[in-house]
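*Asks:*
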Amino acid sequence: MNSPRGLASRSLETSDGGTYEAVASEYYDECAHPTCADFRAASALYLTRLFDLELPTGRVADIGCGRSLLVDFNVRDLVLVDKSRGMLLHNSTSYEQRALDVERQEFGEREFDWIFAILGDPYNSPSAWGNIARALKAGAQCVFIVPALQWAQKFRSVEDKERVGFARFLTLNGDTVFLPSLIVDLDSQIEMISAVGLSLDAVDHVSVGQLPAIKSDKISGVLMESDHLLDVYRVRKIIAP
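Per the working numbering, the sequence shown starts with residue 341, numbered consecutively.
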């Protein structure tokens, strides 16, 4: 994700969703953003494994969906949620869409059997987890996928241009955009989950070596094949909080 030569670069930093519009049109350009492409490929690999073992049924939400991966798995009753209208435009209008911020707005009340947060690090916060708990039915599950802490620690320790709590994007027009990326240790993750009355069932991972190829030197330059690329939290609502 390098800036085009000859273009002046300016920096945009946000703690809200505004600048996701700045990357929405190019986010899925694998040449411009190979790191995003690798994380997306790893997420698809995990979802394939999940859907092969168990078939999520009922009402399903894909929050922070971007170009939803779940549409490839023939999920029938699917609701797409994203605060960026530009990201929602990547999807067919045949699916129900809700343009809202899951950190600041409720997106359901005991409505969903499954909630997927695929690359959910931009909103991995107590407020978002509270709204996830509110939206789940009793006994329902959430699958929350984030870039691995192992990768975040290694990459951000060797890159002086990076900022803790943010992901840096170099856009095609030369801007540097910092977007929230909240990747925390396991104890902190469990604390957020349990604080809203949810139970952590399992922690899973996708490792570098499970992908057929890595496009990004931001990954291949810091991780070995055995290192984790994704952390996955399987969460269940036992009782209503």
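Positions of the beta carbon are idealized from the N, C-alpha and C atoms, including for glycine.
1) Going along the chain, which residues of its own chain have a beta-carbon closer than 8 Å to the beta-carbon of R450, five neighbours each way excluded?
2) Can you give me the C-alpha to C-alpha distance between T516 and G505, rounded to a whole angstrom?
3) From the DSSP output, in three-state form, read off Y463 for me.
4) For C371, count the other beta carbons within 10 Å of its own beta carbon; 16 or more makes it buried, fewer makes it exposed. Which is it?
5) Identify whether S547 lies in helix, strand or coil by the three-state DSSP scheme.
6) Would you be able to state if there are at least three C-beta pairs under 8 Å between the stretch 373-386 and the stretch 436-450?
7) Going straight from the alpha carbon of S547 to that of H568, what length do you get?
8) In terms of residues, what are the limits of the beta strand (DSSP E) holding A507?
9) Only counting the same chain, and skipping five residues up and downstream in sequence, which positions put a Cβ closer than 7 Å to that of L440?
10) Pairing CB atoms from the stretch 454-471 with CB atoms from the stretch 396-406, are three or more of them under 8 Å?
11) What does DSSP give as the partner residues of L395 in its beta bridges?
12) On the premise that I533 lies in contact with L540, defined as a C-beta separation below 8 Å, what is that separation, rounded to the nearest angstrom?
13) Please indicate yes or no: does the CB of D527 lie closer than 7 Å to some heavy atom of the ligand SAM?
14) What are the boundary residues of the alpha helix (DSSP H) that E531 is part of?
15) To the nearest angstrom, how far is the alpha carbon of L393 from that of W469?
16) What does the alpha-carbon distance come out to for the pair V327 and R425?
17) Please report how far the alpha carbon of V498 lies from the alpha carbon of I485, in whole angstroms.
18) According to DSSP, what are the bridge partners of D422?
19) Taking F379 as the reference, give the member of V575, A480, P552 and R576 with the closest Cα.
20) I'd like the span of the beta strand (DSSP E) that includes A478, first residue to last.
*Replies:* Looking at the coordinates:
1) Residue numbering aside, residue 450 sits at position 110 when the sequence shown is read from its first letter. Closer than 8 Å at the Cβ level, and outside the excluded window around R450, lie R474, A475, L476, K477, A478 and A580.
2) Here residue 516 refers to the residue found at position 176 of the sequence shown. Here residue 505 refers to the residue found at position 165 of the sequence shown. Answer to the nearest angstrom: the Cα atoms are 15 Å apart.
3) Walking along the sequence shown from the start, residue 463 turns up at place 123. Helix.
4) Translated into positions along the sequence shown, residue 371 becomes position 31. Looking at its Cβ environment, which holds fewer than 16 other Cβ atoms inside 10 Å, C371 is exposed.
5) Residue 547 sits at position 207 when you count from the first residue of the sequence shown. Strand at S547.
6) no
7) Here residue 547 is taken as the residue at index 207 of the sequence shown, counted from 1. Here residue 568 is taken as the residue at index 228 of the sequence shown, counted from 1. So the two alpha carbons sit approximately 4 Å from each other.
8) Residue numbering aside, residue 507 sits at position 167 when the sequence shown is read from its first letter. F506 to L510 is the span of the beta strand (DSSP E), which, as asked, contains A507.
9) Within the sequence shown, the letter at position 100 stands for residue 440. Correct list, in chain order: V421, K423 and F447.
10) yes
11) Numbered from 1 along the sequence shown, position 55 holds the residue referred to as residue 395. None, per the DSSP bridge assignment.
12) Reading the sequence shown from its first residue, position 200 is the one you call residue 540. Reading the sequence shown from its first residue, position 193 is the one you call residue 533. That pair is a contact at about 5 Å.
13) Looking for the ligand SAM in the displayed structure turns up nothing, as the structure carries no ligands at all.
14) In the sequence shown, residue 531 corresponds to position 191, counting from 1. L526 to A535 is the span of the alpha helix (DSSP H), which, as asked, contains E531.
15) Residue 393 sits at position 53 when you count from the first residue of the sequence shown. Residue 469 sits at position 129 when you count from the first residue of the sequence shown. Here the C-alpha atom of L393 lies approximately 26 Å from the C-alpha atom of W469.
16) Residue 327 cannot be examined here, being either before or after the span of the chain that is shown, 341 to 581.
17) The sequence position of residue 498 within the sequence shown is 158, counting from 1. The sequence position of residue 485 within the sequence shown is 145, counting from 1. Rounded to the nearest angstrom, the two C-alpha atoms are 24 Å apart.
18) Taking the first residue of the sequence shown as position 1, residue 422 is located at position 82. A439, per the DSSP bridge assignment.
19) As a first step, residue 379 must be located in the sequence shown, where it is residue number 39. Among V575, A480, P552 and R576, the Cα nearest to that of F379 belongs to P552.
20) Start at 1 with the first residue of the sequence shown, and residue 478 comes out as number 138. Membership of A478 in the beta strand (DSSP E) is indicated by the continuous run L476 to P487.
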